[in-house]
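Just so we're aligned, residue 14 is where the sequence shown starts under our numbering, counting upward by one. Structure first, then comments.
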Amino acid sequence: MSGRHWNEENQRWEEAGSGPATMSSPPPPRPDFAPPPTSWPEPDLAGPAAPPPGRNRRFVLVIAGAAVLGAAVATTVVLAGRGDDPGPDPKPTRATAAASSPTPTTTLAPGPTPSPSDALPSGYREVADAAGFTLAVPDDWSRTESEQGVFYTSSDQASLIQVFTIEEPDSTPLASLRTASKTLSSTNPGYEEVSLERTSAPDGASDAVTDDAAELVYAYDSEKLAARRKVVDFSFTARDGTQYAVLVAGPDDDWPAQRDRLATVLSRFGPAQPRL
Numbered sequence: 014m015s016g017r018h019w020n021e022e023n024q025r026w027e028e029a030g031s032g033p034a035t036m037s038s039p040p041p042p043r044p045d046f047a048p049p050p051t052s053w054p055e056p057d058l059a060g061p062a063a064p065p066p067g068r069n070r071r072f073v074l075v076i077a078g079a080a081v082l083g084a085a086v087a088t089t090v091v092l093a094g095r096g097d098d099p100g101p102d103p104k105p106t107r108a109t110a111a112a113s114s115p116t117p118t119t120t121l122a123p124g125p126t127p128s129p130s131d132a133l134p135s136g137y138r139e140v141a142d143a144a145g146f147t148l149a150v151p152d153d154w155s156r157t158e159s160e161q162g163v164f165y166t167s168s169d170q171a172s173l174i175q176v177f178t179i180e181e182p183d184s185t186p187l188a189s190l191r192t193a194s195k196t197l198s199s200t201n202p203g204y205e206e207v208s209l210e211r212t213s214a215p216d217g218a219s220d221a222v223t224d225d226a227a228e229l230v231y232a233y234d235s236e237k238l239a240a241r242r243k244v245v246d247f248s249f250t251a252r253d254g255t256q257y258a259v260l261v262a263g264p265d266d267d268w269p270a271q272r273d274r275l276a277t278v279l280s281r282f283g284p285a286q287p288r289l
């Protein structure tokens, strides 16, 4: 993802020569991560940047100390960038589940039922996001959107979920994460690649999540949060052929809560279809 760099002051991934990213109104960069963006996008993680020749991630979600994700994921956690900062807007809007409309106007509605085996854990809700997908998120987390992707962030900004699409041609989930890790290692203080491997859909994931997947787990020192963060960045090909990056970040001491949260997010993941 050439041209992307981590802006420490703004705590987000940005394209070379671009000004501060502006938040787009909801209808998923990552709240305090700008990582890395999935290469990925995150608030202090990385998020999607303007579509460069490399991988872009439309949705963001990595931690405050994360830097620009690899060229393979320019759009935030594949079209988005990975980063800790979901955007400059201090007043993120809260996403709500899509509701049916009595008028003939087109609205986003959930796609095929993900067929989860169990009900969502207490404290979670299913959302039909305006960006075109469904997912499960904590009840009280706030939604923001930027060039790095879509972010859902906790009230204390310590934890977040970042989602973005990967548009780099001929890329694979593993290749995009390998590039992201290489970039992060040179831009984030105390960066540690805990694991990077090809994997399959987690137990309980919706049918929209295929086994063409890879997972990167890493930790770094977030200067913005003055704490060490641990991130799980999951890149996969959806049933419809779209590549997504879903990044979940939180305090290092909370691990493995991040991985458990990822499984819950993916249990309701799927495309959102227009409803007339």
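Where is the CB? At the ideal position from N, CA and C, for every residue including glycine.
Can you tell me where the beta strand (DSSP E) with residue i in it begins and where it stops?
{"i": "ARG156", "result": "155-159"}
{"i": "GLY217", "result": "Segment: none, GLY217 is in no beta strand (DSSP E) and carries neither H nor E."}
{"i": "ALA141", "result": "137-142"}
Can you check whether the CB of residue j is closer than 8 Å to the CB of residue i?
{"i": "ARG138", "j": "SER219", "result": "no"}
{"i": "LEU187", "j": "ARG156", "result": "no"}
{"i": "ILE179", "j": "SER248", "result": "yes"}
{"i": "ASP246", "j": "ALA171", "result": "no"}
{"i": "GLN271", "j": "VAL278", "result": "no"}
{"i": "ALA232", "j": "GLU205", "result": "yes"}
{"i": "LYS243", "j": "TRP268", "result": "yes"}
{"i": "ASP273", "j": "ARG241", "result": "no"}
{"i": "ALA149", "j": "ALA285", "result": "no"}
{"i": "THR147", "j": "GLY283", "result": "yes"}
Identify the residues that DSSP records as bridge partners of residue i: which are they?
{"i": "GLU205", "result": "ALA232"}
{"i": "GLY283", "result": "THR147"}
{"i": "GLU210", "result": "GLU228"}
{"i": "ALA258", "result": "PHE177, SER248"}
{"i": "ALA240", "result": "SER235"}
{"i": "THR166", "result": "SER155, LEU173"}
{"i": "PRO264", "result": "ARG242"}
Please list the terminal residues of the continuous alpha helix (DSSP H) segment that includes residue i.
{"i": "PRO186", "result": "186-200"}
If you compare alpha carbons, which of the options is closest to residue i?
{"i": "ASP216", "options": "ALA276, LEU197, PHE177, ASP169", "result": "ALA276"}
{"i": "GLU160", "options": "THR166, ALA144, ASP169", "result": "ALA144"}
{"i": "GLN256", "options": "PRO182, PRO134, SER168", "result": "PRO182"}
{"i": "SER189", "options": "PRO151, GLY254, SER167, LEU229", "result": "LEU229"}
{"i": "SER213", "options": "THR250, PHE177, ALA239", "result": "THR250"}
{"i": "PRO202", "options": "GLY162, ASP234, THR166, ASP169", "result": "ASP234"}
{"i": "ARG177", "options": "SER167, GLU158, SER168, SER184", "result": "Reading off the sequence shown, one finds Phe at residue 177, where the question assumed Arg. Comparing Cα positions, the closest option is GLU158."}
{"i": "GLY254", "options": "THR200, SER199, THR185", "result": "THR185"}
{"i": "ARG252", "options": "ALA239, ALA258, VAL259, ASP224", "result": "ASP224"}
{"i": "GLY263", "options": "TYR165, ARG191, THR200", "result": "TYR165"}
{"i": "SER208", "options": "LEU133, ARG191, THR200, PRO134", "result": "ARG191"}
{"i": "VAL222", "options": "VAL259, SER198, ALA239", "result": "VAL259"}
Please check the pair residue i and residue j, which I expect to be a contact at CB under 8 Å, by giving their CB distance rounded to whole angstroms.
{"i": "PRO151", "j": "GLY136", "result": "6 Å"}
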